[in-house]
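Set out below in structure tokens:
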């Protein structure tokens, strides 16, 4: 988790540059806390963005989907992709309309994925995906059978070229606006789990990893 | 809010097709509840995905950024873009690893934006963006001055070609797995505002629209 991503033209934050970095540890913390990524690729008619689940596995990002998905097939074939993960932390209410903003932590990754075909490796990656969702779950869930493995396209995207962008802290009002009689500050936003809802046919007591679920990254 | 988007090849959900639609009302509800979108465009080296704030204004999506942003300049110049907004509702814990999933509501929009230059129109759009963030805020915040207006690039993207994809409900376990002694169900996730944090220099009482803030879309 030490060190920096390589800084390339496309992965370098230029606007408000002090918010940007290539810091691996920060990127990994954001990826581990997030649940949904948005994958961009270039289709025949232009850009396409698709939401997906993911997990970080060491220095790779794991993506998966159906073998029947055309977009997933292109991703697995090594199409150039860009993956964004954004965590929203707060609404930033400045005194001026202009300085309204959001506090967020985001990672944008560039690269090409590679298909995972080895069966044992594929099983391990699917466990990682489930663990990322709910830590503790992979030891309990019924493991994939041959048919399910064959129906899943699994892709490993190396975390080599990426940027992190973070806004934090109070509103950045102009000095001249600071005395205005307008409330200014943050409305923090949190992703909170509500009480688990057992399946209709469930006959098992709620396990601790479900009852105590919280989203801090896995 | 009635009717459907035009169904094109790229905007038609094929995988698990019953989850997809072109329903305008559903799309608008998702856009109004969300806060962050991911904008995809094709750069010189391949796809680029950037997180952004946005607001819906009738049948258009509003995007904005700095006039100094190269990507924003390309978006304002009418580059083909794809915009994704995803709301995460629950983690879906099936008995099998294979059927683990997430409940979500997502919109993916395709099109080309057009720059808004008219000053009065630009002011109205910036108010919409602030209102989308915090309803009630735009009447209070200090309006943009000429310099701030000139520093803002504002883009209107027509909501014409878009798809909605929704997963809801319990896990979809295979019949044979339903008797397994494994807990199955949902962990609902909510975006909840925490207590507002006034700015250090704030001398104004917290207004009701801040104190009672909740995220249901505006």
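Protein chains in written order, with my numbering: chain A, 339 to 556; chain B, 339 to 556.
Even for Gly, the Cβ is constructed at its ideal location relative to N, Cα and C.
Being a predicted model, the structure only gives us computed values, none of them experimental.
Close to chain A, meaning a Cβ-Cβ distance shorter than 8 Å, are the following residues of the stretch 533–553 of chain B: 533, 534, 535, 536, 537, 538, 539, 540, 541, 542, 543, 544, 545, 548, 551, 553. Around the beta carbon of residue 350(B), fewer than 16 other beta carbons lie within 10 angstroms, which makes this residue exposed. Shown in chain order are the members of the stretch 477–494 of chain A whose Cβ falls below 7 Å from a Cβ of chain B: 478, 479, 480, 481, 482, 486.
Of the other Cβ atoms in all chains shown, fewer than 16 fall within 10 Å of the Cβ of residue 341(A); this residue is therefore exposed. Contact between the stretch 524–531 of chain B and the stretch 530–542 of chain A is present: 3 or more CB-CB pairs across the two stretches fall below 8 Å.
In summary, residue 457(B) is exposed, with fewer than 16 beta-carbon neighbours lying within 10 Å of its beta-carbon over all protein chains present. Across the set 379(A), 361(A), 400(A), 346(A), the C-alpha of 400(A) shows the shortest separation from the C-alpha of residue 460(A).
Taking residue 415(B) as the centre and dropping the five residues before and after it, the same chain places the C-beta of 453 closer than 8 Å to its C-beta, in chain order. Sequence-ordered contacts of the stretch 406–418 of chain B with chain A read 406, 407, 408, 418 [C-beta pairs closer than 8 Å]. The Cβ-Cβ distance between residue 440(A) and residue 429(A) falls below 7 Å.
With contacts defined by Cβ atoms closer than 7 Å, residue 378(B) and residue 387(B) form a contacting pair. When rounded, the separation of the alpha-carbon atoms in residue 343(B) and residue 360(B) is 5 Å. Its Cα nearest to that of residue 489(B), the residue 405(B) stands out among 405(B), 547(B), 538(B), 442(B). Note that the stretch 495–511 of chain B touches the stretch 434–448 of chain B; at least 3 beta-carbon pairs, one per stretch, sit closer than 8 Å.
Scanning the stretch 447–510 of chain B for uninterrupted beta strand (DSSP E) segments of 3 residues or longer gives 490–496, 499–505, listed from N- to C-terminal end.
It is roughly 43 Å from the alpha-carbon of residue 511(A) to the alpha-carbon of residue 466(A). Residue burial is scored here from C-beta neighbours: residue 538(A) has fewer than 16 other C-beta atoms within 10 angstroms and is therefore classed as exposed.
Setting aside the 5 residues that flank it on each side, residue 469(B) is surrounded in the same chain by 393, 475, 476, 556, each with a C-beta closer than 8 Å to its C-beta; the list follows chain order. Taking residue 364(B) as the centre and dropping the five residues before and after it, the same chain places the C-beta of 502 closer than 6 Å to its C-beta, in chain order. Going by C-alpha positions, residue 355(B) is about 17 Å away from residue 437(B).
In its chain, beyond the 5 residues on either side, 416, 417, 418, 419, 495 have a beta carbon closer than 8 Å to the beta carbon of residue 450(B).
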